[in-house]
Amino acid sequence: MDYLAQSIGDAFPAFDANLSEEEKALLAEGLVDSTQLQRWAAARIKEYKERIQSLKSVYNAGAPINRKLPREVLAEIFSHFHPGYDLHDRDIKLLGVCRLWRHLILRTPAFWANILSRERHMHPRIRDRALGRLKLLLPLTRAHPLTLWFQGVPHELVRALSPHTSRISSLTVGLAKHTDLVSLNDLLQGGMPHLEHLEVSHCPYMGGLVPPLKISRRKFPLLRSLTVPFEGLGLACLDSDLRSLDVSECRCEECRGFVTKGTQRTLSEVIELCPSLRRLKIKNILRAWGPLDRTIALPSLCELRIEEHRGDLGTFLACLSYPPTCAVHVGTSAHTTIRACLPPNPTSWPQLSETDEVRLSMVYGGWTVLTTFARGNQRLRVGVHVKTTALGTVTEVSRLFTPSAGITSLTVDPDHYPFMQSSDDPGTAFRAMLAAFPHLTHLNIGAYDGRRVMRLLSETTTAEMRYCPKLEELRFVWYYGDDELYESREGLGAGRSSSPSRRHKAGAIVLSVFCDIAVQMLDRRRAAGKSLKKLFVGVYPEVVTESLYVDTEGWEPSVLEQRLRRHLTGYEDIVHVFPVKVED
Numbered sequence: 000m001d002y003l004a005q006s007i008g009d010a011f012p013a014f015d016a017n018l019s020e021e022e023k024a025l026l027a028e029g030l031v032d033s034t035q036l037q038r039w040a041a042a043r044i045k046e047y048k049e050r051i052q053s054l055k056s057v058y059n060a061g062a063p064i065n066r067k068l069p070r071e072v073l074a075e076i077f078s079h080f081h082p083g084y085d086l087h088d089r090d091i092k093l094l095g096v097c098r099l100w101r102h103l104i105l106r107t108p109a110f111w112a113n114i115l116s117r118e119r120h121m122h123p124r125i126r127d128r129a130l131g132r133l134k135l136l137l138p139l140t141r142a143h144p145l146t147l148w149f150q151g152v153p154h155e156l157v158r159a160l161s162p163h164t165s166r167i168s169s170l171t172v173g174l175a176k177h178t179d180l181v182s183l184n185d186l187l188q189g190g191m192p193h194l195e196h197l198e199v200s201h202c203p204y205m206g207g208l209v210p211p212l213k214i215s216r217r218k219f220p221l222l223r224s225l226t227v228p229f230e231g232l233g234l235a236c237l238d239s240d241l242r243s244l245d246v247s248e249c250r251c252e253e254c255r256g257f258v259t260k261g262t263q264r265t266l267s268e269v270i271e272l273c274p275s276l277r278r279l280k281i282k283n284i285l286r287a288w289g290p291l292d293r294t295i296a297l298p299s300l301c302e303l304r305i306e307e308h309r310g311d312l313g314t315f316l317a318c319l320s321y322p323p324t325c326a327v328h329v330g331t332s333a334h335t336t337i338r339a340c341l342p343p344n345p346t347s348w349p350q351l352s353e354t355d356e357v358r359l360s361m362v363y364g365g366w367t368v369l370t371t372f373a374r375g376n377q378r379l380r381v382g383v384h385v386k387t388t389a390l391g392t393v394t395e396v397s398r399l400f401t402p403s404a405g406i407t408s409l410t411v412d413p414d415h416y417p418f419m420q421s422s423d424d425p426g427t428a429f430r431a432m433l434a435a436f437p438h439l440t441h442l443n444i445g446a447y448d449g450r451r452v453m454r455l456l457s458e459t460t461t462a463e464m465r466y467c468p469k470l471e472e473l474r475f476v477w478y479y480g481d482d483e484l485y486e487s488r489e490g491l492g493a494g495r496s497s498s499p500s501r502r503h504k505a506g507a508i509v510l511s512v513f514c515d516i517a518v519q520m521l522d523r524r525r526a527a528g529k530s531l532k533k534l535f536v537g538v539y540p541e542v543v544t545e546s547l548y549v550d551t552e553g554w555e556p557s558v559l560e561q562r563l564r565r566h567l568t569g570y571e572d573i574v575h576v577f578p579v580k581v582e583d
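Numbering (numbering that gives the first Met the number 0), first residue to last: 0 to 583.
Right, dumping it as structure tokens:
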């Protein structure tokens, strides 16, 4: 601020040169009474602030996004805005960006419907605030369909929603106490003509008599998806119009009593009532309410999800008939082998017999996931805690698919470093694996030792290659755990450090041995007319950062790729090196 030198006798010093000439004259000539000076200044300040706000609006209107995009496009963008989890609806701050945005957002019902779609807690401590926001936002949604999600259903919520029930298309509620279920039934008894999805869950500590949900096809004509505890399912809306059913075991006090009372229908009876299901998910109900006692057909089923930690999965899968294209997802700790999770005759099961791609992943702790695909579409995903070793699981999968006529892609991916036990025989396991999948064109063995597999892929018979004669692509990660098993004429010991706690290896020798094995495989397959088209080698970060090798050249992926290409003369175009991303 530019302060001017003033005489001590001046009545009103002109403090700022930025004052207008008119304002300076008024002050200098004493035309503003000293008792009204602050009021006069406040009025001028208000005027300038309003002008500044107007100029800001003009400035924002000139922003490229506002100039170049039609207002209809901006409104469409706002209609697709989906908020994250936010207890305080901070997403409404978009209203403060500029007047144009505020104008459009206030006139975009889909924006407010999306704001309302997130989970809202009706805990007594925050109920009043949550209800206040709800009452404020509901009118802004106008006639737009509503997706609502509440934890707790107080009676005040029912009163707020009652005028809008005809617009609710999806309703998810978590019931914390018996009165919540009573309030929910009060909300449902009037019907919801456009409701398509209803999901209800019980708090584990909810007690008291659990009345059935007051739903019927007459009052809920469009209901197609139902997610409820199996014990509180009842029979309402279980018919040929239902497309998705998600039932699980409920652990609340009242529902646990249903098991001993024996008043609930069995899983067989429930599924038979819904022959048009496209999606079925069950969780921990087979032991109490199943398995199925007869074969049940679901000819339209596209997705079957089972999370079961006590029941017999194989028997259930054998008694359920569904299309070969159905995607089956199974997760269990009740079994310790993959085979135990499958039907009694897995070789005739389409989810296995029609497979052309298999992926096997193993993470630390024994959790193993087998995934199969057919023509790019997932057919099966089995997650199980196995008791055998990682290589033991590879052997089990090889037996499961023997003989395999249609599988052309196999991925065996242990999590990071594939620790082996003394009982493991990797040579036998890999031979069985390659023999079980003779028609492979793509093979990814993850972090297993590529040198061992390349030697097997080099073996020939009198007629052709012994294993995988159609193989075009081989992928693996640089395995440094068994470098000492691959001796060379120079001897790997020459590069070792005298410190037993940190064994450095001679990088040049290790690389030379690797390349000798790779060249032997590539040459033999080329001579047999079965040339490999791509060889991918991944490198872990620690190979580079922890200086595992004593070497004059680096081991960064880009450097290693050039080194490999220099050694693999004639195969430069097929060699590729990639960095391995390790998740925290």
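Ideal placement from N, C-alpha and C gives every residue a C-beta, glycine not left out.
Non-local beta-carbon contacts of Val576 in its own chain, meaning distances under 8 Å to residues more than five positions away in sequence, involve Phe535, Val536, Gly537, Val538, Pro556, Ser557, Leu559, Glu560 and Leu563 in chain order. Residue pairing for Ala326: DSSP places it in a beta bridge opposite Glu302.
Going by C-alpha positions, Arg124 is about 15 Å away from Leu156. The Cβ-Cβ distance between Ser397 and Leu439 does not fall below 8 Å. Between the alpha carbons of Ile295 and Arg216 lies a gap of roughly 23 Å.
Of the candidates His201, Val181, Pro144 and Ser182, Pro144 places its Cα closest to the Cα of Ser169. From the listed residues Ser352, Lys386 and Asp355, the smallest Cα separation to Thr367 is found for Lys386.
The segment 265 to 279 makes contact with the segment 301 to 318; the number of CB pairs closer than 8 Å reaches 3 or more.
Gly537 sits in a strand when the DSSP states are folded into three classes. Assignment of Lys504 by DSSP, reduced to helix, strand and coil, places it in the strand class.
With a threshold of 16 other beta carbon atoms within 10 Å, Ala24 falls short and is exposed. For Glu71, the secondary structure class from DSSP, reduced to helix, strand or coil, is helix. Excluding the 5 residues flanking it on each side, Thr401 has same chain C-beta neighbours closer than 7 Å at Ala435, in chain order.
Per DSSP, the unbroken beta strand (DSSP E) holding Lys282 starts and ends at Arg278 to Lys282. A buried status is given to Gln350, since no fewer than 16 other beta-carbon atoms sit within 10 Å of its beta-carbon.
In the displayed model, Pro228 falls within a strand according to three-state DSSP. Taking C-alpha positions only, Ala446 is separated from Arg309 by approximately 33 Å.
For Asp32, the number of other beta carbons within 10 angstroms of its own is below 16, and it is reported as exposed.
The Cβ-Cβ distance between His154 and Ser200 does not fall below 8 Å. As the crow flies, the alpha-carbon of Thr394 is around 13 Å from that of Ile444.
According to the DSSP secondary-structure assignment, Glu198 is paired through a beta bridge with Thr171 and Thr226.
When DSSP reads this structure, Thr331 sits in a beta bridge with Val383. Around the CB of Thr427, fewer than 16 other CB atoms lie within 10 Å, so the residue is classed as exposed. Each residue's CA atom was taken as its position, placing Arg430 and Leu266 some 44 Å apart. For Asn65, the CB contacts under 6 Å within the same chain, skipping 5 residues up- and downstream, are Leu99 in chain order. If one requires a minimum length of 4 residues, the alpha helix (DSSP H) runs lying completely within the segment 506 to 574 are 506 to 526, 540 to 544 and 556 to 566, in chain order. Taking every protein chain shown into account, the CB of Glu71 has fewer than 16 other CB atoms within 10 angstroms, so this residue is exposed.
In this model, Leu221 and Ala333 are separated by some 37 Å (Cα to Cα).
Distance from Met121 to Val152 at the Cβ level is roughly 7 Å; contact confirmed, criterion being Cβ atoms closer than 8 Å. Rounded to the nearest angstrom, the gap between the Cα atoms of Glu472 and Met361 is 22 Å. For Val396, there is no enclosing beta strand (DSSP E); the enclosing alpha helix (DSSP H) covers residues Ala389 to Phe400.
Comparing C-alpha distances from Val549 to each of Leu510, Arg525 and Lys580 shows the shortest one belongs to Leu510. In the DSSP assignment, Val57 falls within the unbroken alpha helix (DSSP H) covering Leu36 to Ala60. Distance from the Cα of Pro342 is smallest, within the candidate group Pro274, Leu359 and Thr314, for Thr314. In this structure, the CA atom of Pro578 is about 21 Å from the CA atom of Leu359. By the criterion of a C-beta distance shorter than 6 Å, Val327 is surrounded in its chain by Leu303, Gln350 and Leu379, once the five residues flanking it on both sides are discounted.
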